[in-house]
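Colleague:
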Amino acid sequence: MNRLSSASACVLLFAALCLFASIPKEAGAALAGEPPTYQSATTCAQCHPEIYRTWRASEHAAAFTNPAFQLPFERFRLTQPGKTQLCEQCHNPIRFLLAPGDPRAAVFAQEGVTCDFCHSVESVDLKDAFPRYRAKPGVKFGPRGGAPGKSVHTTKFSRLHITSEFCAGCHEFRNAYGVAVLSTYSEWAESFYRGEGVHCQFCHLPQLFDARFIDPSGRGKGPLDHSMAGGHSRERLAKAIPVRATLTVSGREATLRIQLKNELVGHKTPSGMPTHRLRLSSLLFDGSGNTLGRKEEVFERVLGDGARKPVEKAELLFTAAREVLKDNRLGPKETREITQAFPLGDVKPAVAEVALAYEIPTPDIAPALRLISIPVSRVLIPAKAGFPAGTVVLIALAVVFLLAAGAALLRRRARRKSAGL
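This note's numbering numbers the first residue of the sequence shown as 985 and each following residue consecutively.
1) Which same chain residues, not among the five before or five after residue 1214, have their C-beta less than 7 angstroms away from its C-beta?
2) Nearest to residue 1117 by alpha carbon, out of 1101, 1128, 1123, 1235?
3) Return helix, strand or coil for residue 1088, following the three-state DSSP convention.
4) What distance in whole Å lies between the Cβ atoms of residue 1044 and residue 1168, which are believed to be in contact at a cut-off of 8 angstroms?
5) Just the Cα atoms here: how many angstroms apart are residue 1293 and residue 1285?
6) State the start and end residues of the unbroken beta strand (DSSP E) segment that holds residue 1126.
7) Check whether the Cβ atoms of residue 1125 and residue 1103 sit closer than 8 angstroms, and answer yes or no.
8) Please classify residue 1149 as buried or exposed, where buried requires at least 16 neighbouring CB atoms within 10 angstroms.
9) Taking the alpha carbon of residue 1207 as the point to measure from, which residue in 1020, 1067, 1035, 1399 has its own alpha carbon closest?
10) Let me check understanding here. Comparing Cα to Cα, which of 1269, 1254, 1298 lies closest to residue 1342?
11) If we require 3 or more residues per run, which beta strand (DSSP E) segments fall completely within the segment 1057-1113?
12) Residue 1211: beta carbon under 7 angstroms from a heavy atom of the ligand NAD?
13) Tell me whether the segment 1082-1095 and the segment 1108-1115 touch, counting them as touching only if at least three CB pairs, one residue from each stretch, are closer than 8 angstroms.
14) I need the DSSP call for residue 1392, collapsed to helix, strand or coil.
15) Could you have a look at residue 1176 and say whether DSSP puts it in helix, strand or coil?
16) Would you mind working out which of 1359, 1031, 1344, 1230 sits nearest residue 1296, comparing C-alpha positions?
17) Would you say the segment 1325-1335 touches the segment 1263-1274, given that touching needs at least three Cβ pairs under 8 angstroms?
18) So, for residue 1052: in the same chain, excluding its five sequence neighbours on each side, which residues have a beta-carbon less than 6 angstroms away from its beta-carbon?
19) Can you name the start and end residues of the alpha helix (DSSP H) that residue 1186 belongs to?
20) Assuming residue 1360 and residue 1225 form a contact by the criterion Cβ under 8 angstroms, report the distance between their Cβ atoms to the nearest whole angstrom.
21) Can you round the beta-carbon distance between residue 1144 and residue 1119 to whole angstroms, since I take them to be within the 8 angstroms contact cut?
22) Quick one: is residue 1041 buried, meaning 16 or more other Cβ sit within 10 Å of its Cβ, or exposed?
23) Mind pulling the beta strand (DSSP E) runs of 3 or more residues that sit fully within the segment 1247-1315?
Given below as C-alpha cells:
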C-alpha cells in the first residue's frame, strides 16, 4: 500500500511539473533575473484562444504582411533604406522595438500589430515625433484590471486604452511638409463625438461598453472580439452610410436626387490612407432594362506634390506629399445632397439604380487585384411623374394670384363693415 501511495505521489508530482511547464512563460512571469520581454501572439493564444482567433483575422494582424503594404514598403526599402523604420514603427511595432539582430524579429514580422504591442503601451504623447507611443514589456496594460494571482502575468488597468488618444499613436501622421497624411484622429477630435465622450473603441471594440460583457465590478464576462472591424467591413459600412434617393421624370429630363449621410462613422469617411475612396454610381434604365444614362461621383482626399500633381504611390504620400488637392469626404453626421439631371429622348426611364462602393486602390498588386471594391449599398428607385418646369412656374403664379385676390376681398369686406354696410 505504501509503495502504491509512493508511486501515486510520484505520478502526481510528475503531472504537476508537466502542467507547470506547459504554462506559457510570458513577460510578467519571467524567471528571477530574467528581464521581461515581448511575447508572440501564439503564446497569448494558449490562454486567450477566442481573442486570438478574432485578432488573427483582423487588419491589425496583417498590417505588415498585407501585399498592399509589402510592395510599396519593399520599393521604399530599396530606394530609401535608412527610412523604413518610418513604416515599421506602426506596421510591425515589436520588430521596430527589438534590438537590431534579435532573432525573434522574423516571428513578429508575421504578426503585424500583435497582442503584446498594444498591451505593453503605457503612454502616448501626441506632441512627440514618431513614434508617439512608449511601450514597456512586462505588465499587460488594458481596459480591465486583473485580480492578483488570477493570471500568469501582471495586468494593470489603463484608462489610455479606452480613449482615442491610444489609437492616435499610429492613426495620425504629418509628414515633414506638415501635410496630414493620416488624419483619422484629428477628424474625430474636431467632431462633436469628442465632446460627447464617444471614443474610437465605442465603435471598433464595442463589447467594452456592453453590459453583457462587463459586470458591476468591472471584470469581463467574456472574451472581447478583437477583429476591430471598420472600413473593410461591408456590414459596418452599410449601417454607417445609408443611401436614399428619388427619381422624377418631367418632360424631357429625369432628375435623380440622392442623399448620403455619414450616420455612424466618428470621423470623415473614407478615412485612413488617402487612396481610399467612396464611389457613387447611378444608372438609368427604361422598362426593358436598357441603359439610358450613367453618372458617377467620387468622395476622396487627394494629396499633391506641390505642383498640383496627385501623389499616387503609397510610400510617397508619407515623404513627398505637400498639398491637399481635393477633400470632399463626408464628415461625422453630415448629410450630402447630390442632384443628377439626365436629358431624355423619346424613351422614358422606368427605374434608377444607385450603388455606393468603398474602394481601396492597390495599383502595385497584380492586375486582377488592382482595386478592392467593397459594395456598401444598392438601391432601385422607380420613376415618378413630375411637373414640367413651365407648369411649376404657372402653378406658382396661380397661387400668388389667388393669395392676392383673397387679400383684396378681405380688405373690401373690412371697409364695408367699418362703413356699416
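Built from N, CA and C at the ideal position, the CB exists for glycine as well. Since the model is a prediction, treat every value here as computed from it, not as a measurement.
Modeller: The short version:
1) The residues are 1188, 1220.
2) Closest by alpha carbon: 1101.
3) When DSSP states are grouped into helix, strand and coil, residue 1088 belongs to the coil group.
4) Rounded, the Cβ-Cβ distance is 14 angstroms, inconsistent with contact.
5) So the two alpha carbons sit approximately 13 angstroms from each other.
6) Run containing residue 1126: 1124-1126, per the beta strand (DSSP E) assignment.
7) Closer than 8 angstroms, so yes.
8) Classification of residue 1149: buried, given that the 10 Å Cβ count is 16 or more.
9) Check the Cα spacing between residue 1207 and each of 1020, 1067, 1035, 1399: the tightest is with 1035.
10) In terms of CA proximity to residue 1342, 1254 leads the group 1269, 1254, 1298.
11) Entirely contained in the segment 1057-1113, the beta strand (DSSP E) runs reaching 3 residues are, in chain order, 1105-1108.
12) You won't find the ligand NAD in this model; it holds no ligand whatsoever.
13) They do not touch, by the three-pair rule.
14) Here residue 1392 sits in helix by DSSP.
15) Per DSSP, reduced to three states, the secondary structure at residue 1176 is helical.
16) When each option's Cα is compared against that of residue 1296, the closest is 1344.
17) Enough Cβ pairs lie closer than 8 angstroms, so yes.
18) Take residue 1052, set aside five residues on each side of it, and the residues of its chain with a beta-carbon closer than 6 angstroms to its own are 1346, in chain order.
19) Residues 1184-1188.
20) Rounded, the Cβ-Cβ distance is 6 angstroms, consistent with contact.
21) Rounded, the Cβ-Cβ distance is 12 angstroms, inconsistent with contact.
22) Exposed, because fewer than 16 other Cβ atoms sit within 10 Å of the Cβ of residue 1041.
23) Segments of the beta strand (DSSP E) lying fully in the segment 1247-1315: 1261-1269, 1275-1288, 1307-1311.
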